[in-house]
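Colleague: This is the structure, below, for whatever I ask next.
Residue numbers (the numbering used here), protein chains in the order written: chain A, 62 to 569; chain B, 13 to 160.
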């Protein structure tokens, strides 16, 4: 009941015309970014952060804008999967399996419509889960001391490489690099200058917004240049909507199962949307068995992964909002925004910044409705956009990133810095060093150091305090598992995802 | 040799880790003695972790990635140069001129016909300039177009 009251307050925040306008804008831009092959939610949010900043938006508005972009990008991901058989990002991969065959059979309109509804169902279920689970988890997290927090951060790093991540050592390296970057600047507790080399611009540390935009947006441009995906694509014919009400009704159980499974895998650290769409697709295939024609354009093969990945995108917000530990790359970028707004994410946020938390949650609910309303009539527009060649789009996107960064500080120095991060991002991605742990290290490094300091002060310098309590010990254990599991499960999961892709007769 | 990329990266990281850790030991001890955590404690731990990571990379490298050769490598360098020059010219030339040149050159190098590329550049530059300056009232440098 108490929760319901907070949610009502949240609606009061989210439903002001000003915030509603930004939610609508975010949902639109998000869908746009999501449907462009190659650009995923993380890039989308990264590119818009500087804009949210320079506009001087109030914190709740900025967060509402960015979460709408996030949700929109998850919605948009399905469009290029269905029409072109090109997943915009990893979670959209499973949608290709049945979406593209449906499109080839001339049922593209049906696939698009039903996947929009499935995305809505998944998003809705995920948001309801978030509403129920987040306050409970936040209350539990209030019992955490500095040692537990230190262990929790380690857990976040250990699992963020994800179960599908290849080499856990590279995750460790990436996280360490990120934390190292965060130590540049003047040490808060002692005032010592660390790694500034006397350069004035470095005294306040390296702005992680520069790093994020450089690593994500600029490196993406470089990858495009290399792969020469500049050519336009043939026009796609969407066809007429032939979906019958009866056929739609048969997908409802799939929508529910997919949304719930997606939410659960979103909450689990490191699992995320890719796993969400994968397991809901596989489960559906197993439940329906011979009754389904999966891989040949079964409508439920479109519904399951879409409900799954949108459920997961809300689920990933649970650890981010309650513990200050993001469950996915995109939520890491959202976390960066919160920290830049001087809001410390974590359990205290639910009491200190209740209007922001509940405003964002309410905005997610509203955003899902907006997205549904936006997606059904505007799908033709998004489809047209797909035939605009990336050789025009990508330079423009890069320019927008430049403008955003420049507008924050009006300093060209920052632009060079951003380009440098872009080059580094290109090389790191080539060498399969994941970028997300770098960002996370950059964000959590200072908090980690602070908690380490507090813990050691409490224990008079006895390091064993870090694993003294059962809770801290448990966190260390799970963190260890998070590093070992990719070795054991990762290859199996990857093989399965790939063989599922190969089994489908039409994919190339 | 397989794993060449990872080995080079490992070596680079090892040098970085040692330099980073060594620099941390050079800081003057903060006033009040060395109890608890000093400014060097955390960086020291990090450098140890990174040394371990970089050694691992050198001993057990992953198979090599495909690196761009000749033409695409050249295109990459050209795109990077465009970005750097764009940052350099943004203030003196002004947003519209610099952006037209940058977006146009990038599109052209990515395979668009030169004329369409620069028209797209100009159009996007004007739209963003108007949007930012008048719509959002954030000032972008006008440069050559500035009215005196």
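Here a beta-carbon is modelled for each residue, glycine too, at the ideal position from N, C-alpha and C.
Could I get the ranges of all uninterrupted alpha helix (DSSP H) runs contained in the stretch 142-175 of chain A, with 4 residues as the minimum, in chain order?
Modeller: Fully enclosed alpha helix (DSSP H) runs of 4 or longer: 154-165.
Colleague: If we cut at 9 Å on Cβ distances, does residue 371(A) have a partner in chain B?
Modeller: On the first chain, residue 371(A) is found 310 positions in, with the first residue counted as 1. No, because no Cβ of chain B sits closer than 9 Å to the Cβ of residue 371(A).
Colleague: Using beta-carbon positions only, say whether residue 51(B) and residue 31(B) come within less than 9 Å of one another.
Modeller: As a first step, residue 51(B) must be located in the second chain, where it is residue number 39. As a first step, residue 31(B) must be located in the second chain, where it is residue number 19. No, the Cβ-Cβ distance between residue 51(B) and residue 31(B) is not below 9 Å.
Colleague: From the DSSP output, read off the bridge partner residues of residue 254(A).
Modeller: Counted from its first residue, the first chain places residue 254(A) at position 193. Bridge partners of residue 254(A): 247(A).
Colleague: Please list the segments of the alpha helix (DSSP H) lying wholly inside the stretch 255-325 of chain A, counting only runs of 4 or more residues, in order along the chain.
Modeller: Counting whole runs of 4 or more residues, the stretch 255-325 of chain A contains the alpha helix (DSSP H) stretches 269-274, 280-288, 306-311.
Colleague: If the cut is a Cβ gap below 8 Å, which residues of chain B does residue 207(A) touch?
Modeller: Within the first chain, numbered from 1, the residue matching residue 207(A) stands at position 146. Under the 8 Å cutoff, chain B gives no residues; its nearest Cβ is about 11 Å from residue 207(A).
Colleague: What did DSSP end up calling residue 22(B) once you bin it into helix, strand or coil?
Modeller: What you label residue 22(B) is simply residue 10 of the second chain in a count that begins at 1. Note: residue 22(B) maps to helix in three-state DSSP.
Colleague: Taking only the alpha-carbon atoms, compute the straight-line gap between residue 510(A) and residue 67(A) and give it to the nearest angstrom.
Modeller: Within the first chain, residue 510(A) is the residue found at index 449, counting from 1. Within the first chain, residue 67(A) is the residue found at index 6, counting from 1. For residue 510(A) and residue 67(A), the distance between alpha carbons rounds to 33 Å.
Colleague: On a CA-only basis, which of 431(A), 370(A), 245(A), 266(A) is nearest residue 58(B)? Give me that one, please.
Modeller: As a position in the second chain, residue 58(B) is number 46, starting the count at 1. Comparing Cα positions, the closest option is 245(A).
Colleague: Return the CA-CA distance between residue 112(A) and residue 462(A), expressed in angstroms with no decimal places.
Modeller: Along the first chain, read from residue 1 onward, the residue named residue 112(A) stands at position 51. Along the first chain, read from residue 1 onward, the residue named residue 462(A) stands at position 401. Taking the straight line joining both Cα atoms gives about 9 Å.
Colleague: So with CB distances below 9 Å, who are the chain B contacts of residue 89(A)?
Modeller: As a first step, residue 89(A) must be located in the first chain, where it is residue number 28. Simply none; closest approach about 15 Å.
Colleague: I'd like the list of long-range same chain contacts for residue 535(A), defined as Cβ closer than 8 Å, with 5 residues on each side in sequence excluded.
Modeller: Start at 1 with the first residue of the first chain, and residue 535(A) comes out as number 474. None.
Colleague: What is the DSSP secondary structure of residue 122(B), counted as helix, strand or coil?
Modeller: Stepping through the second chain from its first residue, residue 122(B) is reached at position 110. Residue 122(B): coil per DSSP, three-state reduction.
Colleague: Going by DSSP, what residue range makes up the alpha helix (DSSP H) through residue 436(A)?
Modeller: For the purposes of this step, residue 436(A) is taken as the residue at position 375 of the first chain. Element bounds for residue 436(A): 415-447.
Colleague: When Cβ atoms are compared, which residues of the stretch 487-499 of chain A fall closer than 7 Å to chain B?
Modeller: Listed in sequence order: 491, 492, 493.
Colleague: Using C-beta distances below 6 Å, list every residue in its chain close to residue 176(A), excluding the 5 sequence neighbours before and after it, in chain order.
Modeller: Your numbering for residue 176(A) matches position 115 in the first chain. Around residue 176(A): 139, 363, 367.
Colleague: Counting along the chain, where does the alpha helix (DSSP H) carrying residue 65(A) start and finish?
Modeller: Counted from its first residue, the first chain places residue 65(A) at position 4. 63-75 is the extent of the alpha helix (DSSP H) around residue 65(A).
Colleague: Where does residue 347(A) sit, in a helix, a strand or coil, going by DSSP?
Modeller: Within the first chain, numbered from 1, the residue matching residue 347(A) stands at position 286. The answer is helix: DSSP assigns residue 347(A) an H, G or I state.
Colleague: Assuming residue 593(A) contacts residue 118(A) (C-beta within less than 8 Å), just tell me the rounded distance between them.
Modeller: Nothing can be reported for residue 593(A): it is not among the residues displayed for chain A, which extend from 62 to 569.
Colleague: Are the C-beta atoms of residue 241(A) and some chain B residue less than 9 Å apart?
Modeller: By 1-based counting over the first chain, the position of residue 241(A) is 180. Yes, its Cβ sits closer than 9 Å to a Cβ of chain B.
Colleague: Using CA coordinates, which residue listed in 81(B), 69(B), 109(B) is at the minimum distance from residue 26(B)?
Modeller: Working through the second chain from its first residue, we reach residue 26(B) at position 14. Considering only alpha carbons, the answer is 69(B).
Colleague: Candidates 203(A), 497(A), 466(A): which alpha carbon is nearest residue 395(A)'s?
Modeller: Here the question's residue 395(A) lines up with position 334 in the first chain. That would be 497(A), whose Cα lies nearest to the Cα of residue 395(A).
Colleague: Would residue 34(B) pass as an interface residue toward chain A - the criterion being a Cβ-Cβ separation below 9 Å?
Modeller: Counted from its first residue, the second chain places residue 34(B) at position 22. Closer than 9 Å: no.
Colleague: Among 344(A), 93(A), 328(A), 423(A), which residue has its Cα nearest to the Cα of residue 217(A)?
Modeller: The residue labelled residue 217(A) in the question sits at position 156 within the first chain. Looking at the Cα atoms, 328(A) is the closest of the given residues.
Colleague: Compare the C-beta of residue 128(B) with all C-beta atoms of chain A and state if any pair is closer than 9 Å.
Modeller: One-based indexing of the second chain puts residue 128(B) at position 116. Taking Cβ atoms only, chain A reaches closer than 9 Å to residue 128(B), which makes this a yes.
Colleague: Could one say the Cβ of residue 264(A) lies closer than 9 Å to chain B's Cβ atoms, at least one of them?
Modeller: As a first step, residue 264(A) is located in the first chain; it is residue number 203 there, counting from the start. False, the Cβ-Cβ gap to chain B never drops below 9 Å.
Colleague: Taking the beta carbon of residue 131(A) as the centre, do at least 16 other beta carbons fall within 10 Å, making it buried, or is it exposed?
Modeller: The residue you call residue 131(A) lines up with position 70 of the first chain. When all chains shown are included, residue 131(A) counts as buried.
Colleague: Quick check: what's the CA-CA separation for residue 130(B) versus residue 116(B)?
Modeller: For the purposes of this step, residue 130(B) is taken as the residue at position 118 of the second chain. For the purposes of this step, residue 116(B) is taken as the residue at position 104 of the second chain. Residue 130(B) and residue 116(B): Cα-Cα distance of roughly 4 Å.
Colleague: What residues from chain B crowd round residue 79(A), counting only those whose CB sits closer than 7 Å?
Modeller: Counting from one through the first chain, the residue named residue 79(A) turns up at place 18. Those do not exist, as residue 79(A) stays about 14 Å from chain B at its closest Cβ, beyond 7 Å.
Colleague: Which whole-angstrom value is the C-beta distance of residue 174(A) and residue 320(A), which I expect to be below 8 Å?
Modeller: Residue numbering aside, residue 174(A) sits at position 113 when the first chain is read from its first letter. Residue numbering aside, residue 320(A) sits at position 259 when the first chain is read from its first letter. Not a contact, Cβ separation roughly 18 Å.
Colleague: In angstroms, rounded to a whole number, what distance separates the CA positions of residue 163(B) and residue 456(A)?
Modeller: What the structure shows of chain B is the stretch from 13 to 160, and residue 163(B) is not part of that stretch, so it cannot be assessed.
Colleague: Taking 9 Å as the cut-off, decide whether the C-beta atoms of residue 180(B) and residue 113(B) are in contact.
Modeller: The question about residue 180(B) has no answer here: the residues shown for chain B are numbered 13 through 160.
Colleague: Report the option in 419(A), 428(A), 465(A), 142(A) whose CA atom is closest to the CA atom of residue 82(A).
Modeller: Start at 1 with the first residue of the first chain, and residue 82(A) comes out as number 21. Among 419(A), 428(A), 465(A), 142(A), the Cα nearest to that of residue 82(A) is on 428(A).
Colleague: So residue 335(A) packs on residue 151(A), CB below 8 Å; how close in whole Å?
Modeller: Along the first chain, read from residue 1 onward, the residue named residue 335(A) stands at position 274. Along the first chain, read from residue 1 onward, the residue named residue 151(A) stands at position 90. The Cβ separation is near 5 Å, so the contact holds.
Colleague: Counting beta carbon pairs with one atom in the stretch 236-255 of chain A and one in the stretch 411-418 of chain A, are three or more of them shorter than 8 Å?
Modeller: No, they do not touch.
Colleague: Kindly indicate which three-state DSSP category residue 14(B) falls into: helix, strand or coil?
Modeller: Start at 1 with the first residue of the second chain, and residue 14(B) comes out as number 2. Residue 14(B) falls in the coil class under three-state DSSP.
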